[in-house]
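Undergrad: Residue numbers (my numbering): 15 to 148. Before we start, here is the structure in question, set down as structure tokens.
Have a look at this one:
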């Protein structure tokens, strides 16, 4: 079971992702924009962040940059990105900031849960799982 922060401004996408993840036994907190996401991770512990790249207030790039620049436990929190605006343009950024997994919208909830399962059940020997681009 993971504690997941879902930062998604589209209510339909947020509901589908939250339901799929909760069915897997995860605890999901949903926030509608990047500013609220930053405030929430500062106050509550999470195991993973599921992040839409195009958010109001603070977009995905700015959010990732702020989280990775943090000198606390937040700097290493896994971030899985969701985007409907093309992944290729972000790949160098993702690699530089340690974002290993990404999903292009529209995505299948089975794809999402498969990626999240890898964080809940790490590979044998503690080795990181192979990055996914779906």
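Quick reminder that beta carbons are idealized off the backbone N, C-alpha and C, glycines included.
Which runs of the beta strand (DSSP E) spanning at least 3 residues fall entirely within the segment 25-71, listed in chain order?
TA: 41-45, 62-66, all fully within the segment 25-71.
Undergrad: Taking the beta carbon of residue 67 as the centre, do at least 16 other beta carbons fall within 10 Å, making it buried, or is it exposed?
TA: Buried, by the Cβ-count rule.
Undergrad: Going by DSSP in three states, residue 121 sits in which element: helix, strand or coil?
TA: Coil, per DSSP.
Undergrad: Use the C-beta contact count for residue 18: other C-beta atoms within 10 angstroms, 16 or more gives buried, fewer gives exposed.
TA: Under this definition residue 18 is a buried residue.
Undergrad: For residue 128, count neighbouring Cβ atoms within 10 angstroms of its own Cβ and tell me buried if that reaches 16, exposed if not.
TA: Result: exposed.
Undergrad: Give the straight-line distance between the Cα atoms of residue 121 and residue 95, rounded to the nearest whole angstrom.
TA: Roughly 12 Å between the two C-alpha positions.
Undergrad: Counting along the chain, where does the beta strand (DSSP E) carrying residue 89 start and finish?
TA: Note, residue 89: premise wrong, no beta strand (DSSP E); not H, not E.
Undergrad: Just reading off the beta strand (DSSP E) that residue 17 is part of, what are its end residues?
TA: 17-21 is the extent of the beta strand (DSSP E) around residue 17.
Undergrad: Output the boundary residues of the alpha helix (DSSP H) element that contains residue 79.
TA: It spans 74-83 - the alpha helix (DSSP H) in which residue 79 sits, taken as one unbroken run.
Undergrad: Which residue's Cα is closest to the Cα of residue 23: 58, 98, 60, 35?
TA: Residue 23 has its Cα closest to that of 98, out of 58, 98, 60, 35.
Undergrad: Answer yes or no: do residue 91 and residue 16 have a C-beta to C-beta separation smaller than 8 Å?
TA: Not a contact, by the Cβ cut-off of 8 Å.
Undergrad: Taking C-alpha atoms, which residue in 62, 89, 93, 60 lies nearest to residue 74?
TA: It is 93 whose Cα lies nearest to the Cα of residue 74.
Undergrad: Do you know whose CA, among 49, 29, 115, 133, lies nearest residue 42's CA?
TA: Checked all of 49, 29, 115, 133; the closest Cα to residue 42 is 29.
Undergrad: From the DSSP output, in three-state form, read off residue 133 for me.
TA: Three-state DSSP puts residue 133 in a helix.
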